[in-house]
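Trainee: Top line first, the protein sequences correspond to chains A and B.
Per the working numbering, residue 35 is the first one in the first sequence, and the count goes up by one each step.
Per the working numbering, residue 35 is the first one in the second sequence, and the count goes up by one each step.
There are 2 protein chains.
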Amino acid sequence: MEFSDKLDTAQFLQHQLQEVINLLQKQQLEKSLVERGPVTNHELVEAVLHKQQQTRLQEKFAPLHPADIAYILESLPLDQRKTAWDAIKTDHEGQVLLEVSDAVRQTLISGMAVEELASVAGSLDADELADLAADLPKRAMLKILRSLNSTERTHLNTLLAYQDNQVGALMDFGMITIRDDISLKAISTYIRKLGKLPSHTDKLFVVDQRNRVKGILPLQRLLTHAPTQHVANVMVTDYVMFQADQDTAEAARAFERYNLISAPVVNQNGELQGRLCVDSILDFIREKTNEDLLTQAGVTEEEDLFSSVWKSAKNRWGWLLINITTAFVSTRIIGLFEDVILQLVALASLMPIVAAMGGNTGNQTSMLIIRSLALGQITPTNVRRLIKKELTLAIVNGCFIGFIMGALGFLLYRDTALAAVMAAAMFSNLLVAVVAGLSIPLLRHKYGKDPAVGTSVILTSITDSMGFFIFLGLASLFLVH
Amino acid sequence: MEFSDKLDTAQFLQHQLQEVINLLQKQQLEKSLVERGPVTNHELVEAVLHKQQQTRLQEKFAPLHPADIAYILESLPLDQRKTAWDAIKTDHEGQVLLEVSDAVRQTLISGMAVEELASVAGSLDADELADLAADLPKRAMLKILRSLNSTERTHLNTLLAYQDNQVGALMDFGMITIRDDISLKAISTYIRKLGKLPSHTDKLFVVDQRNRVKGILPLQRLLTHAPTQHVANVMVTDYVMFQADQDTAEAARAFERYNLISAPVVNQNGELQGRLCVDSILDFIREKTNEDLLTQAGVTEEEDLFSSVWKSAKNRWGWLLINITTAFVSTRIIGLFEDVILQLVALASLMPIVAAMGGNTGNQTSMLIIRSLALGQITPTNVRRLIKKELTLAIVNGCFIGFIMGALGFLLYRDTALAAVMAAAMFSNLLVAVVAGLSIPLLRHKYGKDPAVGTSVILTSITDSMGFFIFLGLASLFLVH
């Protein structure tokens, strides 16, 4: 791997990508020259050329880190991506599949034969296989399962038994376990014999005969204590561990809070199941963040930058259709008041502000609540105080924004009654907005649903329709006859 | 620290929080009983009581991890938080200040005397001090600077010289440097003499006489290679390092990509400046995510859940005023067409859909672009293809949604001309939306600005005003006379 000239990682990657693209373009050119050229035996020449080209690409990819190859593949359009993928015949083809995004992985797997997939997957550990499992065709998965030894198969089954949001699904089995009655010297000898430690090994796990965790031995202690000492005297008994069925988001917070690198994962009986490492946590946080961002914008699945227009369109229509439905409700509410608008056309131009400001204010509240829920800051003991604060804030904001809006209405139309209705409607809709912004995420959370999903749509549809209804309703009561 | 019963970290924290709250409430009760009681010498009794209460709180907090104390303080309302903070007189008061959120930190610091702050800060390392520096009063900072030794002062100045988004600002100085001509045995002896390794030490840095990084020695190799070997033969020369003035977001991606725990940070001349660890990266990612989420909702600063209503209100008004301004523009555009609305009132109820659907579609596009920019997936080589794809998608979407909207308009008002105008306006506004959704984040990124900030407001103001303008404009051309 070429880390040494990778001081500026982003620039390094850009450079590698550009080189691959140049290579691919050159090959395209050569190919078309041969096709149009005067050669008689096209097929043979093309075969030789293809062979040469593949070799050149392989040489380019061979020294690269799997994550970097994944980045290059993700940045290539579909046709070039397939050509490049065919050329990657390294030992870490499986690692590349692990590193690419879900959407891109599908494009790569779809072009591979079952046998090829099974052999690629053969080089992976159980925890890596588990990450791929959802994307592999059933026949390939069966073939892989048959090729595993019994330990690996047990590991894989353990991992697949947990849900995506449980710690158990993110475990790996690269832990080193020791007993507490041996000396540090014996451990050093053992490690030297092993020749290699699993990545992210910052501690060894001390277990009893029944595989229950009794403590941890940080490598640090192994290095700083006398070799004659026994594990029992040196091990740490005050450490963080996780339950396999625990919520991963909670584990992620614990990793941040206690600055962990790795931690044991146990089952209900305290028996060691595997370990959780900070690299899985980093991936988890990144994925969760992306998902939240995209869900809020109504992009349901992860989208490959170069997936077909048709696939992308379908991916976004669900959301747009939901929005049409809620917008339709607003339309019908306005429709109810068409007479009123005909009598006072100023209402038509003022009503969108009332609706929009409600949406903005409500979103501020709901976003704060969603974030506080994600950080675990909202507890049964403080939720009442929080609600009281946000409601007071809504009244203050309502008076302030209501006043500005009333003044604006007066300046535009020189009509005191209209200005008063505008101010009153604004004030009421801001209250509606804050109540909705508080209750939607809190209720979703209470009933075990992700508070971030859909909150914004529901909220906006409430503030829009209520905004129109309150404003036009007040106008019909007080302004027209 | 009480890690051992912390199997379920969230539950553990809830429990601790509840106990602290119970304690605080009990104290409040005792105090009011004394005040109302028959005792003659109130002051003395209250002083004794206060002392007792402080002791009980101190005992409660003493065994807790600083991060857990921070969590409890964040979850307490202002008055209770102050009482609790006064009781925390442990050695890790400074650590607690580091762990709490910015908004809460301010409430804690504001009640402390300069001398107290200086003595608390005295227990912190240079990199920790740098994190606090922005929140400390100038006088306290000067006092602290005077109490530092010259190495610490140099370290602190180095850190403060970098901006928030540069790797240099996140460095720490807990690295162990070695020369390449010594044996592994000598290193083991050295470490044993040290007695303790800095946290997150997974590798030692090999430097030459001029302090330039020549390689790294993973602890793993120290444990698995023969003690007689020399560093030069065992060290890894193919590793990731960062420049101190590099963008932190880029470093964070490298940590994820290469699963790093720690990495050397160098200056322009390749001289070792410090190290970057995965715990700082985790904090950075969490903070950046929060900031992005809140910024999008228009909450400018981090908000303490219990900060005063007045402070919160001011924190949110900036955004609401911007929204009023953009909504005002829409109002005036509609105002231009009041005659048209009077002639065909159906326009008033249909126009909000055209505007809203534009906003939703544009946000989908911009969110995908913002995410792809954040992941470094958009490169000069693929941006043109991406733009072409999104524009094609906009045309497909425009036809689809335009058709639905036209049909809806026809069903509601049985007016073919109105339906046609509706469909055409919808189609055009979706094109406007996608062009805006593409160009705003891409242009902001090109000129070195954060593409996530403000994109949504600018986009919505464009799709709103253009939506009203296109729809009412087409209506005035084709529907009324």
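Just so it is clear, CB atoms sit at the ideal spot from N, CA and C, and this is done for glycine as well.
Just to make sure I have the definition right: I need the residues of chain B whose C-beta is within less than 7 angstroms of the C-beta of P475(A). Which are they?
Mentor: Within 7 angstroms Cβ-Cβ: nothing; P475(A) doesn't reach chain B, min ~12 angstroms.
Trainee: Would you mind giving the Cβ-Cβ distance between M205(A) and R309(A), rounded to the nearest angstrom? I have them listed as a contact below 8 angstroms.
Mentor: Right, their Cβ atoms sit about 6 angstroms apart.
Trainee: What residues of chain A sit near Y29(B), judged by a beta carbon separation below 7 angstroms?
Mentor: No statement about residue 29(B) is possible, as the shown extent of chain B runs from 35 to 515 and does not include it.
Trainee: Thinking D338(B) and V138(B) are a contact (beta carbons under 8 angstroms), I'd like their distance in whole angstroms, please.
Mentor: D338(B) to V138(B), Cβ: 5 angstroms. Contact.
Trainee: Check the DSSP bridge columns for I367(A) and list the partner residues they point to.
Mentor: None; I367(A) has no bridge partner.
Trainee: Which residues of chain B have a Cβ atom closer than 8 angstroms to the Cβ of E108(A), listed in chain order?
Mentor: The answer, in chain order, is Q411.
Trainee: At the 7 angstroms Cβ level, is R418(A) part of the contact set with chain B, yes or no?
Mentor: Not one chain B Cβ lies under 7 angstroms of R418(A).
Trainee: Using 8 angstroms as the threshold, is the segment 134–148 of chain B in touch with the segment 96–110 of chain B, meaning 3 or more CB pairs across them?
Mentor: Verdict: yes, contact present.
Trainee: Verify whether the separation of the beta carbon atoms of F239(B) and P298(B) is less than 7 angstroms.
Mentor: Yes, the pair counts as a contact, with Cβ atoms nearer than the cut-off.
Trainee: Report yes if the C-beta distance between I250(B) and A286(B) is below 7 angstroms; otherwise report no.
Mentor: Against a cut-off of 7 angstroms, the Cβ pair of A286(B) and I250(B) comes out as no contact.
Trainee: Residues in the segment 316–328 of chain B with C-beta within 7 angstroms of chain A's C-beta atoms, listed in sequence order?
Mentor: From the segment 316–328 of chain B, only L316, D317, I319, R320, T323, N324, L327 and L328 have a Cβ closer than 7 angstroms to chain A.
Trainee: Using a C-beta cutoff of 7 angstroms, does D159(B) count as contacting chain A?
Mentor: So, not an interface residue.
Trainee: Would you report the Cα separation of N56(B) and G128(B), rounded to the nearest angstrom?
Mentor: Near 25 angstroms, if we compare the C-alpha coordinates of G128(B) and N56(B).
Trainee: Alpha carbon to alpha carbon, how far is K237(A) from V363(A)?
Mentor: Rounded to whole angstroms, K237(A) to V363(A) spans 59 angstroms at the Cα level.
Trainee: List the residues of chain A whose Cβ lies closer than 9 angstroms to the Cβ of K423(B), in chain order.
Mentor: In chain order: L339, F340, S341, S342, V343 and S346.
Trainee: Compare the beta carbon distance of N397(A) and A467(B) with 7 angstroms and say whether it is the shorter of the two.
Mentor: No. Outside cutoff.
Trainee: Assuming E424(B) and L384(B) form a contact by the criterion Cβ under 8 angstroms, report the distance between their Cβ atoms to the nearest whole angstrom.
Mentor: Not really, about 27 angstroms apart at Cβ, beyond 8 angstroms.
Trainee: Could you check the C-alpha separation between G432(B) and M439(B) for me, to the nearest Å?
Mentor: Taking the straight line joining both Cα atoms gives about 10 angstroms.
Trainee: At a Cβ threshold of 7 angstroms, is V379(B) touching chain A?
Mentor: Yes, V379(B) lies at the interface with chain A (some Cβ there is under 7 angstroms from its Cβ).
Trainee: Quick check: what's the CA-CA separation for L506(A) versus L378(A)?
Mentor: Their backbone Cα atoms lie some 10 angstroms apart in a straight line.
Trainee: Do K116(A) and G145(A) count as a contact pair if the criterion is CB distance below 7 angstroms?
Mentor: Yes, they are a contact pair.
Trainee: Is A164(B) buried or exposed, if buried means 16 or more other CB atoms sit within 10 Å of its CB?
Mentor: With 16 or more Cβ atoms within 10 Å of its Cβ, A164(B) is classed as buried.
Trainee: Identify whether F207(B) lies in helix, strand or coil by the three-state DSSP scheme.
Mentor: Looking at F207(B) - three-state DSSP - the assignment turns out to be coil, as it is neither helix nor strand.
Trainee: So, helix, strand or coil for D313(A), using DSSP?
Mentor: Of the three classes helix, strand and coil, the one that applies to D313(A) here is helix, per DSSP.
Trainee: For the alpha helix (DSSP H) that contains S109(B), what are its first and last residues?
Mentor: Unbroken alpha helix (DSSP H) run through S109(B): P100 to S109.
Trainee: What residue range does the alpha helix (DSSP H) around V68(A) cover?
Mentor: Unbroken alpha helix (DSSP H) run through V68(A): T43 to R70.
Trainee: Determine the contact status of E186(A) and A167(A), defining contact as a CB-CB distance below 7 angstroms.
Mentor: Not in contact: E186(A) and A167(A) (Cβ atoms no closer than 7 angstroms).
Trainee: Using a C-beta cutoff of 7 angstroms, does P111(A) count as contacting chain B?
Mentor: At least one chain B Cβ lies under 7 angstroms of P111(A).
Trainee: Anything in chain B within Cβ reach of E284(A), meaning under 7 angstroms, just list it in chain order.
Mentor: Per Cβ cutoff of 7 angstroms: T43 and A44.
Trainee: For the segment 227–253 of chain B, which residues have a CB atom closer than 8 angstroms to at least one CB atom of chain A, in sequence order?
Mentor: From the segment 227–253 of chain B, only L228, G229, K230, L231, S233, H234, T235, D236 and L253 have a Cβ closer than 8 angstroms to chain A.
Trainee: Closest to I212(B) by CA distance: which of H189(B), L407(B), Q243(B) and I474(B) is it?
Mentor: It is Q243(B).
Trainee: I'd like to know whether the C-beta of P386(A) is nearer than 7 angstroms to at least one C-beta of chain B.
Mentor: It does: the Cβ of P386(A) has a partner Cβ on chain B nearer than 7 angstroms.
Trainee: Would you please verify whether the beta carbon of N267(A) is less than 7 angstroms from any beta carbon of chain B?
Mentor: It does not; no Cβ of chain B falls within 7 angstroms.
Trainee: Taking the straight line between their C-alpha atoms, what separation do you get for F502(B) and V514(B)?
Mentor: Taking the straight line joining both Cα atoms gives about 16 angstroms.
Trainee: In the DSSP assignment, the beta strand (DSSP E) including L238(A) goes from what residue to what residue?
Mentor: From DSSP, the beta strand (DSSP E) with L238(A) extends over K237 to V241.
Trainee: Here's the rule: buried if 16 or more other CB atoms are within 10 angstroms of the residue's CB, otherwise exposed. What is H126(B)?
Mentor: Its Cβ being crowded by 16 or more others within 10 Å, H126(B) is buried.
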